[in-house]
Every structure is written in structure tokens, then in C-alpha cells.
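Enquirer: This is the structure I have questions about; it appears just below.
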Amino acid sequence: MTKEKNNKPLKELPLGFVDRKEKELLVRDFIISNIKEIMIKYGFQYLETPSFEYTDSIGKFLPDKDRPDEGVFSFKDENKWLSLRYDLTAPLARYIAKNYLEISKPFKRYQLGTVWRNEKPGPGRFREFLQFDADFVGTNNLQADAELCIMIAEILEKCGLSKEEYKVKISSRKITEELFKKINLSENKQKLSVLRALDKIDRLGWTEVRKLLSEGRKDKSGDFTDGANLDKSKIEIIEKELKKKKPVTDDLLEILKIFKDYKFNNFEFDPSIIRGLEYYTGPIFEVNLKFDVTNSKGKVIQFGSIGGGGRYDNLVSNFGNYDAPATGISIGLDRLVYALMQKKEFKIKQSKPVVICVFDKNSMKEYIGLQTILRSASISTEIYPGEGKLKKQMEYANKINAPAVILYGENELKSGKPTIRNLSTGKEKSISIKELSYEIKKII
RNA sequence: GCAGCAGUAGCUCAGUUGGUUAGAGCACUAGUUUGUGGAACUAGGGGUCGGUGGUUCGAAUCCACCCUGCUGUACCA
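Residue numbers (this note's numbering): 165 to 608.
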């Protein structure tokens, strides 16, 4: 007996994977439809690439590990490693490199797709999630970078956010590069740990970041993080440079000018935006939500950015001889959905079916007749799909939020006039079949 | 990965210093007479008390290890 129990299949989901229900999916669909509309307006092409790629194709920027499944989901297929994509940028670079000669440049594409990451999930973060990307390939024009920021702002506003509820932050990789020259930092490993430390200014503040730049820091759970081991004078220079309120690098100055021409002002220069990515070469941006987000227990949690991007001029050239400067942005849709669902006014209308009650199976022909009339009038309709008494059918209709039920029993069949019951008011009305669709539409 | 906290019914939780057949609310199912939902009442189903091992006459309760979740932290292409 115990053996049988042990053989039962698991009903649990793997870590970081979730079932998504209608409520969430409707919000997601709403966001997606806004995105598509705006993408068309901005002139981007729609592209889809497969979920799997050769690990080698998208793995150029993975940490050089012996195991190809570090951070990604991979398996070996006929001696070649395949990986589920971890973002949409690396597959884009692969796509460009493969089809370089056929693609007219500049190339603008947008893409919606699920990506997978084999890492620890956090609040609003899963191991499988939907991402939206828009990229310009084959142009050095900073108009592209500026337009991405403006476009993302338009998407968020279209989704119902006000200017106070989000902010586009911009910076440039050039700022930190110049800084490294200034303090004579050349070792790549140390550069990276400085960048990582600076990335946390927003969350931890300068006092803690100074610790990370020097000997290291202990967080409130008692865990210790190694520092970058810089000396005091260098840290002072970094701090002074990064506290500047206005950009001085030529790329940002130009973007600011373009913003002005577009009358776009919901941005903020923030030199502490790092984005941790090694491949960025120029302007970088990040989109932050400004309102509180709570978890399932009602506690306010740190939500962070819902997306970002920047210029990556060397990514395509990694594949061969083609050189294509590029810039792009990506948004984590599920995180945006999670945040948007917490805004009270966010109720998406969903049309639920009118339920035709079954009194007698011998009358199915009549029920189907009514259903056909309603469905051909594009009214969501169903004949009660279960079995049972009228009471049970009413309970069902109530539970699925049906706007009305149609009663077509013995009495009604005699007169040929079905009764419709409005489930929100409880009122019933005898209606001729001719007027049925019209009356139901009034209720919906 | 590291650290702190937690795991009792589908959900939210109670369970006294270890002591009989482990409880509540909500949800679910059936019924409160024939064709009427959202309320009430009655009855019912449902738990290897996260898992394994140990201490004990006896463990949901104590100990060890493991698993899972939450939160922070690290990594994040």
C-alpha cells in the first residue's frame, strides 16, 4: 500500500515555475496588445526565434564554466549542447549574424518570448518568464537610443501608469570607463566588482557601497560580501564623479538634446545605473516603478527595475566578420503584470457566458437552437455543461459570474418564449426568441 | 551559493510544560420535498501534522539530517 502511494506522480511544480490564471493572463494580454500597437506605430518588425539555441550560439557571454548549464537550462543532443534561451538579445545577435546579408540595415525588430533562467527565484521573479524586447541593429545614431526610452515610457503610460509612477533612468558606460582610467584601474576582475558595488548605490546608499569598494560588507542577515579592495583616495574620486548631477559625456548630452526635441522629460540622469552587463558599450537605461509593491502576505517588498537596456556595439561582431552596432531594451512582462495587478483600478472586463439551463435532455434540440442564435450574435453562450438540478445549475452560473441564465423548460416551451434571468438583479423576463439576442445584449 | 525565519485539511491558522480517536473558520459535497444562485440551517468528505532517522512507555510537540517556501544577500548574460 505504501508502495502505491510512493509511485503517485508529483503534483508540485519545479522550483520557480508557476501556473498562471486567467486574471493574470488578461492583464498580460492587455499589456501585450498595447505593446504591439506601439511597436507598429514606431515601425518595428515582429520576429520570433526558437526557444532552444545551440549553447555555443548564445553562450558567448556566459561565465566561462565547464558546465554549460550554469545559469541556463541545457541538455546534450547528439553531442551538441542545446540551451533554453535566457534572453532575447543573444538570439537576436545570432539571427543577425546568420542572415546579415539579407537584412537591410538599420534593422528594427521587436519580440515577445518566454525565457528561462536556472537560478534562484525571488519576489516576482521566476525561472520561466515572458520578456519583451525592442532593438535597433546596424546604426550608431543615438536617435535610436533616445527613441527606445521614449517608446518604453509610452508603453507604460498606455498601460495606465502616470508620470509619477515610473521613471526612465539613463547613464552611460563611458562614465565608468573614464573613471577607471582616472583611477588607473585596469584589472578586469576588479573593474567588475567596482561596477557591481556601484550598481547598489540606489538600494544600499553610499555608506554601504563604500564598504563594498574597500574591504567588504556584512548584510543584515549576517552574510559577508567581499569588496573591491580600493584605497580611500580612489573611492573618494569615484564618489565625487558619480555624485555629479549632470552628464558630461557626449553621448548622453546628445540624447538629452533629442529628449528635449521630443518634449520627453520623465527621465533622470543617474550615473549609478550600471546594469551589471559586460557587453554594454554606450548609453544604458533602466525603467523603475515608483509605487509600492506588496507580496502575497501584504508586505511591501523591494521591486526594483522592470526592465532596461543599452547600446551593445560588439555583440554581433562576436559571431564573425560582420560588424553591427546595436541598441535595445527589454521589459520583464510578468513583473510588470505583477506590479500592475496591485493597482486597484486595474480591472479587466471579461465576458462570461450566458448559461442555458437544462431541464430535460429530450429538449436539447431547443437549447441548441437558442445557443446557436446567441452565438451567431457573438454572445458568449453555453448550455449547462454538467449534470444536475436547476439549483445546481444556478449555483454554477453564479460562480462563473455569468451575466444571465436562460430558462427554457416545460412552461416556456408551451408558449415558445424563454425566460431570461438577470443574475445581478435577480429579475426575470419572458422574451420572444426574436428579441432574445437584443435583450441579452442589454444585460451584458 | 550564503544567512535568518517558517512548513498542521484546498486556503488562513489554533493545538496548552511531550499524554487517548489532531481542531476551527472559509472552501468543497449532499440535503432543508417537485423549475431558481449570491443568505441561513443540518449532515458529510477531506490530514502518513513537509520527509527520513533518533530520544521516549508515548512525538504535531524534543534532537539530527534532508526537502520545500518566504525574506535578505550574492550572481544575473
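Every residue gets a Cβ at the ideal spot worked out from N, C-alpha and C, and that includes glycine.
(1) With a 10 Å radius around its C-beta and 16 neighbouring C-beta atoms as the bar for buried, classify residue 589 as buried or exposed.
(2) Roughly how many angstroms lie between the CA atoms of residue 517 and residue 533, to the nearest whole one?
(3) Find out if the Cβ-Cβ distance for the pair residue 571, residue 583 is shorter than 7 Å.
(4) Verify whether the separation of the beta carbon atoms of residue 406 and residue 435 is less than 7 Å.
(5) Let me confirm a value: residue 210 is counted as buried when at least 16 other C-beta atoms fall within 10 Å, else exposed. Which label applies?
(6) For the alpha helix (DSSP H) holding residue 221, just list the boundary residues, first then last.
(7) Assuming residue 430 contacts residue 284 under a Cβ cut-off of 8 Å, what Cβ separation, rounded to an integer in Å, is found between them?
(8) Could you have a look at residue 351 and say whether DSSP puts it in helix, strand or coil?
(9) Taking Cβ to Cβ, would you say residue 490 is nearer than 7 Å to residue 502?
(10) Which first and last residues belong to the beta strand (DSSP E) in which residue 295 is found?
(11) I'd like to know if the segment 357-375 and the segment 283-303 are in contact, where contact means that at least 3 CB-CB pairs between them fall below 8 Å.
(12) Could you tell me if residue 157 is buried or exposed, where buried requires 16 or more neighbouring beta carbons within 10 angstroms of its beta carbon?
(13) What does DSSP give as the partner residue(s) for residue 280 in the beta ladder?
(14) Between residue 430 and the ligand ADP, is the CB less than 6 Å from at least one heavy atom?
(15) Expressed to the nearest angstrom, what Euclidean distance is found between the alpha-carbon atoms of residue 325 and residue 512?
(16) Output needed for residue 587: all residues of its chain with C-beta closer than 7 Å, excluding positions within five of it in sequence on either side, in chain order.
(17) With DSSP as the reference, please indicate the residues paired to residue 436 in a beta bridge.
(18) Which whole runs of the beta strand (DSSP E) in the segment 470-535 are 3 residues long or more, in chain order?
(19) Taking 7 Å as the threshold (C-beta atoms), are residue 278 and residue 338 in contact?
(20) Would you tell me roughly how many angstroms separate the C-alpha atoms of residue 548 and residue 580, rounded to the nearest one?
(21) Only counting the same chain, and skipping five residues up and downstream in sequence, which positions put a Cβ closer than 8 Å to that of residue 454?
(22) Cβ of residue 399 within 7 Å of Cβ of residue 377?
(23) Would you kindly work out how many angstroms separate the C-alpha atoms of residue 421 and residue 308, rounded to a whole number?
(24) With distance defined between alpha-carbon atoms, name the residue in 540, 556, 578 nearest to residue 155.
(25) Since residue 442 and residue 469 are thought to touch, with beta carbons under 8 Å apart, how far apart are those beta carbons, to the nearest angstrom?
Expert: According to the structure shown:
(1) Against the first sequence, residue 589 aligns to sequence position 425. With fewer than 16 other Cβ atoms within 10 Å, it is exposed.
(2) Counting from one through the first sequence, the residue named residue 517 turns up at place 353. Counting from one through the first sequence, the residue named residue 533 turns up at place 369. Each residue's Cα considered, the two are about 16 Å apart.
(3) Numbered from its first residue, the first sequence carries residue 571 at position 407. Numbered from its first residue, the first sequence carries residue 583 at position 419. Yes, Cβ-Cβ distance for residue 571 and residue 583 is below 7 Å.
(4) Translated into positions along the first sequence, residue 406 becomes position 242. Translated into positions along the first sequence, residue 435 becomes position 271. Taking the C-beta atoms as reference points, residue 435 is found nearer than 7 Å to residue 406.
(5) Residue mapping note: residue 210 aligns to position 46 of the first sequence, counting from 1. Classification of residue 210: exposed, given that the 10 Å Cβ count is below 16.
(6) If you number the first sequence from 1, residue 221 lands on position 57. According to the DSSP assignment, residue 221 belongs to the alpha helix (DSSP H) that extends over 219-222.
(7) On the first sequence, position 266 is the one that residue 430 refers to. On the first sequence, position 120 is the one that residue 284 refers to. Contact doesn't hold; Cβ gap of about 33 Å is too wide.
(8) Residue 351 sits at position 187 when you count from the first residue of the first sequence. DSSP places residue 351 in coil when its eight states are reduced to three.
(9) Residue mapping note: residue 490 aligns to position 326 of the first sequence, counting from 1. Residue mapping note: residue 502 aligns to position 338 of the first sequence, counting from 1. Inclusion of residue 490 and residue 502 in the CB contact set at 7 Å is not warranted, their separation being larger than that value.
(10) Mapped onto the first sequence, residue 295 falls at position 131. Looking at the DSSP string, the run of the beta strand (DSSP E) that includes residue 295 is 292-301.
(11) No, the segment 357-375 is not in contact with the segment 283-303.
(12) Here the chain comprises residues numbered 165 to 608, so residue 157 is not present and cannot be evaluated.
(13) Position 116 of the first sequence, counted from the start, is the residue given in the question as residue 280. 292.
(14) This structure simply doesn't include the ligand ADP, nor any ligand for that matter.
(15) Position 161 of the first sequence, counting from 1, holds the residue named residue 325. Position 348 of the first sequence, counting from 1, holds the residue named residue 512. Using only the alpha carbons, I get a separation of about 15 Å.
(16) Taking the first residue of the first sequence as position 1, residue 587 is located at position 423. Within the same chain, and ignoring the five residues on either side of residue 587 in sequence, the residues whose Cβ sits closer than 7 Å to its Cβ are 561, 562, 566, 567, 568, 569.
(17) Position 272 of the first sequence, counted from the first residue, corresponds to residue 436. Beta-bridge annotation (DSSP): residue 436 is not paired with any residue.
(18) Fully enclosed beta strand (DSSP E) runs of 3 or longer: 490-496, 518-520.
(19) Position 174 of the first sequence, counted from the first residue, corresponds to residue 338. Position 114 of the first sequence, counted from the first residue, corresponds to residue 278. It is not a contact, given that the beta carbons lie outside the stated cut-off.
(20) On the first sequence, position 384 is the one that residue 548 refers to. On the first sequence, position 416 is the one that residue 580 refers to. About 20 Å.
(21) For this step, residue 454 is matched to residue 290 along the first sequence. Exclusion of the five residues before and after residue 454 leaves 328, 329, 330, 331 as the residues of its chain whose Cβ lies within less than 8 Å of its Cβ.
(22) What you label residue 399 is simply residue 235 of the first sequence in a count that begins at 1. What you label residue 377 is simply residue 213 of the first sequence in a count that begins at 1. It is a contact, given that the beta carbons lie within the stated cut-off.
(23) One-based indexing of the first sequence puts residue 421 at position 257. One-based indexing of the first sequence puts residue 308 at position 144. Using only the alpha carbons, I get a separation of about 13 Å.
(24) The structure shown has nothing for residue 155, since the chain only spans 165 to 608.
(25) If you number the first sequence from 1, residue 442 lands on position 278. If you number the first sequence from 1, residue 469 lands on position 305. The pair is not a contact, with the Cβ atoms about 18 Å apart (cut-off 8 Å).
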